[in-house]
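So the sequences go chain by chain: A and B.
Counted the way the working numbering counts, the first sequence spans residues 1 to 286.
Counted the way the working numbering counts, the second sequence spans residues 1 to 277.
Quick reminder that beta carbons are idealized off the backbone N, C-alpha and C, glycines included.
Everything numeric in this text was worked out from a predicted model, so none of it was measured.
Structure record follows, encoded as structure tokens.
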Amino acid sequence: MSDTTLPFRNPTSETVLARRSLIALAVLGMALLVGAPLLMVFAEALAKGLGAALESLGNRDARAAIQLTLIITAIALPLNAMFGIAAAWFITKFDFRGKAFLITLIDLPFSVSPVVAGLCIVLMFGANSLIGGWLVAHGLPIVFALPGIVLATLFVTFPFVARELIPVMIEQGRAEEEAALTLGASGWRVFRTVTLPNIRWALLYGVLLCNARAMGEFGAVAVVSGKIRGQTATMPITIEMLYNEYLSVAAFSMAALLTALALLTLLLKTLLELRHADALAATRRH
Amino acid sequence: MRPLIHRSPMPGLGLSMGITLTMLTIVVLLPIGALLVKGATFGPGNVWEVVNRERVWAALFLSFRLSLLAALFNLVFGVLLAWVLVRYPFPGRRLLDAAVDLPFALPTAVAGIALTALYAPNGLFGGLAKEVGLKIAYTQWGIFLALVFVGLPFVTRTVQPVIEEIDREVEEASATLGATRFTTLRRIILPMLAPAALTGFALSLARAVGEYGSVIFIAGNIPLVTEIAPLLIVIQLEEFNYDAAAAIGIAMLTLSFAMLLAINLIQIWSRRRIGHV
């Protein structure tokens, strides 16, 4: 009996069969749930050829939508980055009462439906409200105009940068900054030459996440934008309008453009994770 | 009594506190406050009257029930995916890992129309489903699918780092003591993953309850059957019925906060039971 060699079986891992079936299940699930819709976007956009797809992106309303989305992102991202840095600095460099509560408040937008967020902004700044009425009377409408869309975008992306920076800055502590201060550096200089180099990759990571959400936000923007073609219709809103008018190629071409931007964001994010894993928050290291 | 803010040699207290509190107030607190004030001036009785209608209850219940089911699906599939991604080397693993984040990066409206095109009766998968007599798009199945899509990354991304941290010696010890691999997975590994998996489940659930963009295209939006709660708010707003919109908004806000509270309590309980992980 001694020459019947039992195949070696590692007791701390699953059988080959179990492994293969789990891998197959994971790959199949992802292909059906994520891969297929992704391919579908491009297939539908190119259903009538590349020419038709590009042509639909070239008309005036489409160009206005693309421009609007880029403008909103260009305003929302720096504001959000500024808030994220300020909040992370305040929370990690000082000790005060109610810190946990403040963090909860910053995270609040994640648990509010985008549509409810839009509703809140309409109620606060709409023409019928106290502040909104006054602003409209002074020629600065917020709702159904650019500022409202920016506010809605800021609301839904609010915690992104702060959430990336806070764990990184907690981990790094305050010793380096304290040393720089003792050596006579000014506050700004400490931030620029000591803190910023330590947090730059985490900052970029947070901004990337923020960017993806800002360009693609639909629910909150749909409520506050008023969907005025050529004026307050962002790219996602335009996709909805075209789709509801059964202009499939045009809708999916716009969708394909947004998808391409999303894939680019994802690529940059993956590169960041590979190259600078040590500079990102502990939870991101894998 | 502890001072409100401890003295610190760090610079920038005023500036960072000022920016943080100002932006928090303008962007988040004032708007949410406006919703609550609107509800208060409309009157709790009137709010209840708006919410206590069959169509609103049906929408709230639908959003909650399908979100729960989608989050449960994501819990199981997400843990499986995280395990496969961390433990099994196979060709294409990096690509699969990167693809997990796609639902976060893809705009919800894009996901919505892509899923609809795929699962509509004349679509690729929808056609196959029709062969076996199943209708997916424009039914509750479609909503479920969209909610699974948007919540997919949460569980995987919270569980993955925990699996990486697991000390392999624990599994070896379990094996030497005679446990089968299945027993080790069930009695040793899964309890270690539970708190993180629960966090991911909660995030996935919270996201799904409020989800709008990916759902409205595939839902069909038939009152009482496939109409989700956020859509009711949009309908009321389009009719400039701000009071009713605020009432439903408050109901949704209450629902999500109640859920967050419940899940936090479950988390505290599971951490206590299993020990700090």
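When DSSP builds the beta bridges, which residues end up paired with residue i?
{"i": "isoleucine 5/B", "result": "Phe96/A"}
Below 8 Å on C-beta distance, what does residue i contact in chain A?
{"i": "tyrosine 242/B", "result": "Val122, Leu123, Gly126, Asn128"}
{"i": "phenylalanine 131/B", "result": "Per the sequence shown, the amino acid found at residue 131/B is glutamate instead of phenylalanine. Those within 8 Å of glutamate 131/B in chain A number zero; the least Cβ separation is about 17 Å."}
{"i": "lysine 38/B", "result": "Leu123"}
Does the Cβ of residue i have 16 or more other Cβ atoms within 10 Å, making it buried, or fewer, making it exposed?
{"i": "glutamine 160/B", "result": "buried"}
{"i": "tryptophan 83/B", "result": "buried"}
{"i": "alanine 152/A", "result": "buried"}
{"i": "lysine 93/A", "result": "buried"}
{"i": "asparagine 80/A", "result": "buried"}
{"i": "phenylalanine 101/A", "result": "exposed"}
{"i": "methionine 244/A", "result": "The residue you asked about is not methionine; residue 244/A is asparagine in the sequence shown. With fewer than 16 Cβ atoms within 10 Å of its Cβ, asparagine 244/A is classed as exposed."}
{"i": "methionine 1/A", "result": "Any answer about methionine 1/A is weak, because its pLDDT of 44 lies below 50 and its placement is not dependable; what the coordinates show is given next. Label assigned to methionine 1/A: exposed."}
{"i": "leucine 54/A", "result": "exposed"}
{"i": "arginine 285/A", "result": "Its pLDDT being 44, under 50, arginine 285/A is placed unreliably by the model, and nothing is read from it."}
{"i": "glutamine 236/B", "result": "buried"}
{"i": "leucine 32/A", "result": "exposed"}
{"i": "proline 78/A", "result": "exposed"}
{"i": "glutamate 306/B", "result": "With chain B covering 1 to 277 only, the question about residue 306/B has no answer from this structure."}
{"i": "arginine 291/A", "result": "For chain A, the structure presents residues 1 to 286; residue 291/A sits outside this window and is missing."}
{"i": "valine 162/B", "result": "buried"}
{"i": "phenylalanine 61/B", "result": "exposed"}
Just how far apart, CA to CA, sit residue i and residue j?
{"i": "isoleucine 136/B", "j": "alanine 120/B", "result": "7 Å"}
{"i": "leucine 272/A", "j": "valine 132/B", "result": "45 Å"}
{"i": "arginine 189/A", "j": "proline 11/B", "result": "11 Å"}
{"i": "isoleucine 111/B", "j": "alanine 26/A", "result": "A small correction: the amino acid at residue 111/B is alanine; isoleucine does not occupy that position in the sequence shown. Their backbone Cα atoms lie some 20 Å apart in a straight line."}
{"i": "threonine 158/B", "j": "proline 31/B", "result": "30 Å"}
{"i": "histidine 276/B", "j": "glycine 210/B", "result": "A caution first: histidine 276/B carries a pLDDT of 49, below 50, which makes its placement in the model unreliable, though a value can still be read off. Distance between the alpha carbons of histidine 276/B and glycine 210/B: 31 Å."}
{"i": "isoleucine 199/A", "j": "leucine 209/A", "result": "16 Å"}
{"i": "glutamate 171/A", "j": "phenylalanine 90/A", "result": "15 Å"}
{"i": "alanine 58/B", "j": "alanine 206/B", "result": "19 Å"}
{"i": "tyrosine 205/A", "j": "valine 194/A", "result": "19 Å"}
{"i": "methionine 231/B", "j": "leucine 4/B", "result": "Just to set this straight, residue 231/B is leucine in the shown sequence, not methionine. Leucine 231/B and leucine 4/B: Cα-Cα distance of roughly 43 Å."}
{"i": "leucine 13/B", "j": "isoleucine 19/B", "result": "10 Å"}
{"i": "threonine 259/A", "j": "tryptophan 201/A", "result": "24 Å"}
{"i": "leucine 70/A", "j": "threonine 234/A", "result": "9 Å"}
{"i": "serine 253/A", "j": "alanine 74/A", "result": "23 Å"}
{"i": "proline 141/A", "j": "valine 122/A", "result": "11 Å"}
{"i": "valine 150/A", "j": "tryptophan 141/B", "result": "34 Å"}
{"i": "arginine 55/B", "j": "glutamate 217/A", "result": "27 Å"}
{"i": "methionine 17/B", "j": "leucine 29/B", "result": "16 Å"}
{"i": "isoleucine 237/A", "j": "alanine 222/A", "result": "7 Å"}
{"i": "isoleucine 248/B", "j": "proline 89/B", "result": "48 Å"}
{"i": "tryptophan 134/A", "j": "valine 37/B", "result": "18 Å"}
{"i": "leucine 253/B", "j": "glutamate 171/B", "result": "43 Å"}
{"i": "threonine 116/B", "j": "valine 148/B", "result": "14 Å"}
{"i": "leucine 196/A", "j": "threonine 12/A", "result": "44 Å"}
{"i": "cysteine 120/A", "j": "valine 86/B", "result": "41 Å"}
{"i": "alanine 173/B", "j": "alanine 262/A", "result": "45 Å"}
{"i": "valine 96/A", "j": "histidine 6/B", "result": "In the sequence under discussion, the amino acid at residue 96/A is phenylalanine, which differs from the valine named in the question. If I take the Cα positions, the gap works out to 6 Å."}
{"i": "leucine 264/A", "j": "arginine 94/B", "result": "16 Å"}
{"i": "alanine 109/B", "j": "leucine 203/B", "result": "20 Å"}
{"i": "arginine 273/B", "j": "isoleucine 188/B", "result": "14 Å"}
{"i": "threonine 139/B", "j": "isoleucine 218/B", "result": "8 Å"}
Using a Cβ cut-off of 9 Å, pull out every chain B residue sitting near residue i, in sequence order please.
{"i": "alanine 287/A", "result": "Residue 287/A is absent from the structure shown; chain A starts at 1 and stops at 286."}
{"i": "phenylalanine 110/A", "result": "Leu203, Ala206, Arg207"}
{"i": "proline 295/A", "result": "Nothing can be reported for residue 295/A: it is not among the residues displayed for chain A, which extend from 1 to 286."}
What residues of chain A sit near residue i, judged by a beta carbon separation below 7 Å?
{"i": "leucine 13/B", "result": "Phe94"}
{"i": "phenylalanine 104/B", "result": "Ala212"}
{"i": "phenylalanine 77/B", "result": "Gly29"}
{"i": "phenylalanine 90/B", "result": "Ile23"}
Mind pulling the chain B residues with CB within less than 7 Å of residue i?
{"i": "leucine 33/A", "result": "Val148, Phe149, Leu152"}
{"i": "alanine 100/A", "result": "By Cβ distance, chain B contributes nothing, its closest Cβ being about 12 Å from alanine 100/A, past 7 Å."}
{"i": "leucine 17/A", "result": "Those within 7 Å of leucine 17/A in chain B number zero; the least Cβ separation is about 12 Å."}
Applying a beta-carbon distance threshold of less than 9 Å, which residues of chain A neighbour residue i?
{"i": "isoleucine 188/B", "result": "Near isoleucine 188/B there are no residues of chain A at all, since even the closest Cβ is about 11 Å away, more than 9 Å."}
{"i": "serine 16/B", "result": "Ile85, Ala86, Ala87, Ala88, Trp89, Phe90, Ile91, Lys93, Phe94"}
{"i": "phenylalanine 42/B", "result": "None at all; the shortest Cβ gap to chain A is about 11 Å."}
{"i": "threonine 226/B", "result": "In chain order: nothing, as chain A lies at least about 17 Å away."}
Identify the contact partners of residue i in chain B, using a Cβ-Cβ distance below 8 Å as the criterion.
{"i": "glutamate 177/A", "result": "Met10"}
{"i": "leucine 105/A", "result": "Leu24, Val28, Leu29"}
{"i": "valine 116/A", "result": "Leu35, Gly210, Pro230, Ile233, Gly249, Met252, Leu253"}
Nearest chain C C-beta to residue i closer than 7 Å, yes or no?
{"i": "arginine 189/A", "result": "Of the protein chains in the structure, A and B, none is chain C."}
Item to check | Validate contact between the stretch 139-153 of chain B and the stretch 72-80 of chain B using beta carbons, cut 8 Å, 3 pairs | outcome: yes
Next on the checklist: Using 8 Å as the cut-off, can you tell me whether the stretch 162-177 of chain B makes contact with the stretch 232-247 of chain B, which would need three or more C-beta pairs spanning the two stretches below that distance?
Outcome noted: no
Next on the checklist: When you compare the stretch 120-139 of chain A with the stretch 226-235 of chain A, are there three or more beta-carbon pairs, one atom per stretch, that lie closer than 8 Å?
Outcome noted: no
Checklist entry - Taking contact to mean at least 3 C-beta pairs separated by less than 8 Å, is the stretch 240-254 of chain A in contact with the stretch 36-56 of chain A? => result yes
Next on the checklist: Three Cβ pairs or more, each shorter than 8 Å: is that satisfied between the stretch 219-230 of chain B and the stretch 194-206 of chain B?
Outcome noted: no
Next on the checklist: Under 8 Å, with one C-beta from each stretch per pair, do the stretch 178-191 of chain B and the stretch 252-269 of chain B reach the 3-pair mark?
Outcome noted: no
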